[in-house]
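According to the numbering used here, the sequence shown is numbered sequentially starting from 3.
Okay, structure first, notes after.
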Amino acid sequence: MAIQTTNHNEAERVKAKATLTSLLTKGFITTLTNPKVLLFFISFFPQFVAPGSEHQTASFLLLGMTYALIAFMTDLTFAVLAGSAAGTVSQNRRLQKILDRIVGVTFIGLGLRLAFTRR
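Encoded structure:
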């Protein structure tokens, strides 16, 4: 795999097209089934809800919506930055070749490290 990454032809690149709906659906399902997110909500949020309060449900919903809004804004920022970086990289053949070689050398290095690791 590392050698293929360093020695591939540009004509062999295949760009997969995904619809916005399919991407959002996959992200939603991934978040719902992520045990770390569930543990976070179960262990962290109850600290901020007063026991015996009349508005416990509203407090949990407000905390959840705040979390979702912050996560959305963070993800949106990363997506915009990654999209602009991808556009820059895709237009610059020299930069593509440099990055492909860096990734290939990294794979080779990690493979060698794994091969020489003792248990």
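Positions of the beta carbon are idealized from the N, C-alpha and C atoms, including for glycine.
This structure is a prediction, so every number in the text was calculated from the model and none was measured.
Rounded to whole angstroms, what's the CA-CA distance from residue i to residue j? Just pull it up for me.
i: Leu114; j: Ile104; result: 15 Å
i: Thr27; j: Asp102; result: 30 Å
i: Phe74; j: Thr35; result: 18 Å
i: Arg120; j: Pro53; result: 52 Å
i: Gln58; j: Gly29; result: 28 Å
i: Val91; j: Met67; result: 35 Å
i: Thr32; j: Thr79; result: 19 Å
i: Ile44; j: Pro37; result: 10 Å
i: Arg96; j: Phe42; result: 43 Å
i: Gly111; j: Gln98; result: 20 Å
i: Ala87; j: Leu116; result: 31 Å
The alpha helix (DSSP H) spanning residue i covers which residue range?
i: Arg103; result: Arg95 to Ala117
i: Gly29; result: Leu22 to Leu34
i: Ser45; result: Pro37 to Phe46
Sort the options by Cα distance to residue i and report the nearest one.
i: Leu22; options: Gly66, Thr76, Phe118 and Ala81; result: Ala81
i: Leu40; options: Asp77, Tyr69, Gly85 and Ala20; result: Tyr69
i: Leu25; options: Phe43, Asp77 and Lys38; result: Asp77
| task | Pair every Cβ in the stretch 40 to 50 with every Cβ in the stretch 59 to 66, then say whether three or more of these pairs are closer than 8 Å. | result | Contact holds between the stretch 40 to 50 and the stretch 59 to 66, because three or more Cβ pairs, one in each stretch, are under 8 Å apart.
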